[in-house]
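See structure below.
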Amino acid sequence: MLRWVLPEYIQDALPAEAAKLEDLRRRLLDDFRLNGYQLVAPPLLEYLESLLTGAGQDLQLKTLKLVDQLSGRLMGVRADITPQVARIDAHLLNRKGVARLCYCGSVAHAVPSSLTATREPLQLGAELYGHAGIEADAEVIRLLAEALQTAGVGTSRIDLGHVGIFKALAQTAGLLPQKEEALFDCLQSKDLPGLRELLVEAPEGVRAALLALPTLYGGVDVLARAREVLPRQPEIVAALDDLQELASRLAGLPISFDLADLRGYHYHSGVVFAAYGGNSPVALALGGRYDSVGRAFGRGRPATGFSLDLRELAAQVPDPVAAGAILAPAGGEAGLSATIAALRAGGENVMIELPGHEGTWREAGCDRRLVLRGGAWQVEPLQGE
Amino acid sequence: MTILNGITLALSKGRIFEETLPLLAAAGITPTDNPETSRKLIIGTNRPDVRLVIVRATDTPTYVQYGAADMGIAGKDVLLEHGGAGLYQPLDLNIAKCRLCVAAPKDFDYAAAVKRGARIRVATKYVNAAREHFAAKGVHVDLIKLYGSMELAPLVGLADAIVDLVSTGGTLKANNLVEVEDIMPISSRLVVNQASLKLKRELIQPVLEAFAGAVKK
Numbered sequence: 001m002l003r004w005v006l007p008e009y010i011q012d013a014l015p016a017e018a019a020k021l022e023d024l025r026r027r028l029l030d031d032f033r034l035n036g037y038q039l040v041a042p043p044l045l046e047y048l049e050s051l052l053t054g055a056g057q058d059l060q061l062k063t064l065k066l067v068d069q070l071s072g073r074l075m076g077v078r079a080d081i082t083p084q085v086a087r088i089d090a091h092l093l094n095r096k097g098v099a100r101l102c103y104c105g106s107v108a109h110a111v112p113s114s115l116t117a118t119r120e121p122l123q124l125g126a127e128l129y130g131h132a133g134i135e136a137d138a139e140v141i142r143l144l145a146e147a148l149q150t151a152g153v154g155t156s157r158i159d160l161g162h163v164g165i166f167k168a169l170a171q172t173a174g175l176l177p178q179k180e181e182a183l184f185d186c187l188q189s190k191d192l193p194g195l196r197e198l199l200v201e202a203p204e205g206v207r208a209a210l211l212a213l214p215t216l217y218g219g220v221d222v223l224a225r226a227r228e229v230l231p232r233q234p235e236i237v238a239a240l241d242d243l244q245e246l247a248s249r250l251a252g253l254p255i256s257f258d259l260a261d262l263r264g265y266h267y268h269s270g271v272v273f274a275a276y277g278g279n280s281p282v283a284l285a286l287g288g289r290y291d292s293v294g295r296a297f298g299r300g301r302p303a304t305g306f307s308l309d310l311r312e313l314a315a316q317v318p319d320p321v322a323a324g325a326i327l328a329p330a331g332g333e334a335g336l337s338a339t340i341a342a343l344r345a346g347g348e349n350v351m352i353e354l355p356g357h358e359g360t361w362r363e364a365g366c367d368r369r370l371v372l373r374g375g376a377w378q379v380e381p382l383q384g385e
Numbered sequence: 001m002t003i004l005n006g007i008t009l010a011l012s013k014g015r016i017f018e019e020t021l022p023l024l025a026a027a028g029i030t031p032t033d034n035p036e037t038s039r040k041l042i043i044g045t046n047r048p049d050v051r052l053v054i055v056r057a058t059d060t061p062t063y064v065q066y067g068a069a070d071m072g073i074a075g076k077d078v079l080l081e082h083g084g085a086g087l088y089q090p091l092d093l094n095i096a097k098c099r100l101c102v103a104a105p106k107d108f109d110y111a112a113a114v115k116r117g118a119r120i121r122v123a124t125k126y127v128n129a130a131r132e133h134f135a136a137k138g139v140h141v142d143l144i145k146l147y148g149s150m151e152l153a154p155l156v157g158l159a160d161a162i163v164d165l166v167s168t169g170g171t172l173k174a175n176n177l178v179e180v181e182d183i184m185p186i187s188s189r190l191v192v193n194q195a196s197l198k199l200k201r202e203l204i205q206p207v208l209e210a211f212a213g214a215v216k217k
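In the order they appear, the protein sequences are chains F and C. 1 is the number of the first residue of the first sequence in full-length UniProt numbering; add one for each residue after it. 1 is the number of the first residue of the second sequence in full-length UniProt numbering; add one for each residue after it.
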């Protein structure tokens, strides 16, 4: 075994990529801060029960486990930061009103979430707690759109859905949990032939509605079509009203709809959304409302938010144009030190030359050098390397 | 990656390509080359924004999942083995039809071999589908993965039975095998990359609808 080989789906970030990730992380977190979101940093490891509370089977399979040698209990490496932030809001902050929190950190996935995914995503997200109204959903979706723009993702689209519609239909259909799972899989992949097979014995009204669901995607006209083909159950009408309201509040953003997108259906409770963009074959960001997750930590709170993998996002945006460094000669002469300090204070990257490395400084990132001309230190282009 | 302002459709040579031609025609798409005679792997069409890529049948879902093709046409058998994660499969195209079956030598007592709790040795290319089928029956199964000439396995004592696609049954007959159990009917599906459907809906949706309208019931 070669010692430098990394496990599958695990990678380094070399200087160019690391710089890009850090640049994006700073700009996005700054953006969140200016929108009132406070940064929190939950731990990488926690007791397994806390990590998996209120989450679905997916998260259980994704979480790497190890035994805590201090307590003998099972710990997990977080696979998702959202439940940790929900725990912080529910239990530690205990604020009465609204709490806006954001975070950025590494998570580990025991199995990669897609063929193109990493097992160590850099998860960045924002969550809004304490407000059940549609204003909160609109705010986080707008924040996501702003983040994508700040990052510089070219064409993008934010797809809205609502898990309330499927929940209401599944309840009316009175499906066994096992069948509900299969139904969920078929809807998720818009597998109409599979759906038809599953629903042979379902009552006619629900059958037609569930078969229509995978075709209800596209522009805002989807909502009008949905009102025609879906039954007028109060939960469904309320969900469609919510989406309509969101569409008008988010006018100007590249919004579309997909009423069969049920990702995170096991813990989501209302409006859900997914952002697509660039060349990525999968969604760049996922989010939605999850009002009941905090209950497991002692305080159920309205909650909505989104998260994304910064590595995936970084792959979809142009490289930042980094200015080259300035090479300065070694030696502690006062005038030189003062010049270097002034340049650094102005945001320049100044690298001190060490003896015996001629011809290697351009590779190290230098494109200019400090030269003494007529008693004054001047910045000149780096020649002859 | 995909062509930025157009769509790429992944197809396999042979039966799937032949039977897809009428569907493509319904969508107003005519390939400029025939993959049976041309060695090109990327084939243009009469529409500058639509191109075809010729892949091996089992690779179609992979190309679409990675977004290397926006859409593809793949047999249900291939999708079952692939798992279909991350793909939309909205349309049964009703082409390249056949059945996934269990077959065994004429003198093999299959009914006795698959009593609940029994153990059977099965050779197949479709290990996932076979595993699921026998698990549902409550039969232990030792699976032997083969890539072709499945019919040989029971004849030379490699396996008790095989799980394979059957369309006419000619090969089974020629090798003294009989179909002992039907697992499921197979036909080809249209698969679509999820992000492509969202970002290129204006291009993909009309093709999808044209295909849907042209499918033989």
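C-beta: ideal position from N, C-alpha, C; glycine also. Nothing here was measured: the structure is a model prediction, and the numbers come from that model.
Is the beta carbon of residue j closer than 8 angstroms to that of residue i?
i: Phe257 (chain F); j: Ile141 (chain F); result: no
i: Ala79 (chain F); j: Lys65 (chain F); result: no
i: Ile236 (chain F); j: Ala168 (chain F); result: yes
i: Val139 (chain C); j: Ala118 (chain C); result: yes
i: Ile7 (chain C); j: Ile144 (chain C); result: no
i: Ala334 (chain F); j: Leu308 (chain F); result: no
i: Tyr63 (chain C); j: Val50 (chain C); result: no
Taking the beta strand (DSSP E) that residue i belongs to, which residues open and close that run?
i: Glu65 (chain F); result: Note that residue 65 (chain F) is Lys in the sequence shown here, rather than Glu. Its beta strand (DSSP E) spans residues 64-67.
i: Gly76 (chain F); result: 74-77
i: Glu46 (chain F); result: 45-47
i: Leu122 (chain F); result: 122-129
i: His140 (chain C); result: 140-145
i: Asp89 (chain F); result: Note, Asp89 (chain F): premise wrong, no beta strand (DSSP E); not H, not E.
i: Tyr63 (chain C); result: Not the beta strand (DSSP E): Tyr63 (chain C) falls in the alpha helix (DSSP H), residues 60-65.
In the DSSP output, which residue or residues are listed as bridge partners for residue i?
i: Gly44 (chain C); result: C:Arg51
i: Ile326 (chain F); result: F:Val350, F:Arg368
i: Ala26 (chain C); result: In the DSSP output, where bridge partners are listed per residue, Ala26 (chain C) has none listed.
i: Met71 (chain C); result: C:Leu9, C:Val192
i: Lys179 (chain F); result: Its beta-bridge partners do not exist; DSSP assigns none.
i: Phe306 (chain F); result: F:Ala126, F:Gly287
i: residue 240 (chain C); result: Beyond the ends of chain C as shown, which are 1 and 217, falls residue 240 (chain C); an answer cannot be given.
i: Val379 (chain F); result: F:Leu370
i: Glu179 (chain C); result: C:Ala103
How would you write the range of the alpha helix (DSSP H) that residue i sits in, first residue to last?
i: Ser187 (chain C); result: It is not in any alpha helix (DSSP H) - Ser187 (chain C) carries neither H nor E in the DSSP assignment.
i: Leu313 (chain F); result: 310-315
i: Tyr110 (chain C); result: 110-113
i: Glu17 (chain F); result: 15-34
i: His82 (chain C); result: 76-82
i: Asp242 (chain F); result: 234-249
i: Gln205 (chain C); result: 201-214
8 angstroms is my cut-off, CB to CB: does residue i come that close to chain F?
i: Leu203 (chain C); result: no
i: Ile3 (chain C); result: Caution applies to Ile3 (chain C), whose pLDDT of 48 falls short of 50 and renders its modelled position unreliable; the value that the coordinates give is listed next. No, its Cβ sits nowhere closer than 8 angstroms to a Cβ of chain F.
i: Gly84 (chain C); result: yes
i: Asp92 (chain C); result: yes
i: Ala214 (chain C); result: no
i: Asn128 (chain C); result: no
i: Gly67 (chain C); result: yes
Examine chain C for any beta-carbon lying closer than 8 angstroms to the beta-carbon of residue i, and answer yes or no.
i: Ala283 (chain F); result: yes
i: Pro329 (chain F); result: no
i: Leu192 (chain F); result: yes
i: Glu8 (chain F); result: no
i: Ser280 (chain F); result: yes
i: Pro214 (chain F); result: yes
i: Asp58 (chain F); result: no
i: Phe257 (chain F); result: no
i: Gly218 (chain F); result: yes
i: Tyr276 (chain F); result: yes
Is residue i close to the ligand FAD? I mean its beta-carbon at under 7 angstroms from any heavy atom of the ligand.
i: Ala323 (chain F); result: This structure does not include the ligand FAD; it has no bound ligands of any sort.
Exercise for the section: Spell out a yes or no on whether the region 36-49 of chain F and the region 84-98 of chain F are touching, meaning 3 or more CB-CB pairs, one atom from each, closer than 8 angstroms. Expected result: yes
Problem - contact_flag[the region 154-165 of chain C, the region 187-203 of chain C] where n(CB pairs < 8 angstroms) is 3 or more - result: no
Practice task
Evaluate contact between the region 93-100 of chain C and the region 161-180 of chain C, counting only Cβ atoms and requiring at least three cross-stretch pairs below 8 angstroms.
Solution key: yes
Practice task
Check whether the region 80-91 of chain C touches the region 43-57 of chain C, counting contact only when three or more Cβ pairs, one atom from each stretch, lie closer than 8 angstroms.
Solution key: no
Handout entry: Cβ contact (3+ pairs, closer than 8 angstroms) linking the region 210-218 of chain F and the region 258-272 of chain F
Key = yes
Handout entry: contact_flag[the region 226-246 of chain F, the region 181-199 of chain F] where n(CB pairs < 8 angstroms) is 3 or more
Key = no
Exercise for the section: Decide if the region 205-212 of chain C is in contact with the region 114-130 of chain C; the criterion is three or more beta carbon pairs, one per stretch, under 8 angstroms apart. Expected result: no
Exercise for the section: Determine contact between the region 336-352 of chain F and the region 300-318 of chain F, defined as no fewer than three beta-carbon pairs at a distance below 8 angstroms. Expected result: no
Exercise for the section: Kindly confirm or deny that the region 308-318 of chain F and the region 354-361 of chain F touch, where touching means at least three C-beta pairs closer than 8 angstroms. Expected result: no
Practice task
Check whether the region 265-284 of chain F touches the region 102-120 of chain F, counting contact only when three or more Cβ pairs, one atom from each stretch, lie closer than 8 angstroms.
Solution key: yes
Practice task
Indicate whether the contact test is met: 3 or more Cβ pairs, each with one atom in the region 221-228 of chain F and one in the region 195-205 of chain F, closer than 8 angstroms.
Solution key: no
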